[in-house]
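Let me begin by presenting the structure, written as structure tokens, before commenting on it.
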Amino acid sequence: MGEEGRLDQPKVSLKTKITAEQFNLWKQRKDAEAAAKSAEVARKRAEDIAAGRVQMTGKELYQHEPWVFDDSRFT
């Protein structure tokens, strides 16, 4: 019933056309924002590890205290 009225209406495109240059500028801005956010998260994580507020992952422990994984004295 309701579809009969919709068939008579012309389809309107709501998409905004952009150029490759506009897309590249947007992409560079988004990438820079993501890199800045990632760097801030990494800095905060390192700060929290140094303060002992969070537990380190195995990889972080290996990077910060490799002597823990040295089993040469047992061989």
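For reference, each letter of the sequence shown is one residue, going 964 to 1038 in the working numbering.
For glycine and all other residues, C-beta sits at the position ideal for the given N, C-alpha and C.
1) With L1024 as the anchor, note down where its alpha helix (DSSP H) starts and where it stops.
2) Determine whether the beta carbon atoms of V1017 and D1011 lie at a separation below 7 angstroms.
3) Specify, as a first and last residue, the run of the alpha helix (DSSP H) that S1001 falls within.
4) Straight-line CA distance for A983 to Q991?
To lay it out plainly:
1) Counting along the chain, L1024 sits inside the alpha helix (DSSP H) bounded by residues 1021-1027.
2) Contact flag set, yes.
3) DSSP places S1001 inside the alpha helix (DSSP H), whose first and last residues are 983-1014.
4) Their Cα atoms are separated by approximately 12 angstroms.
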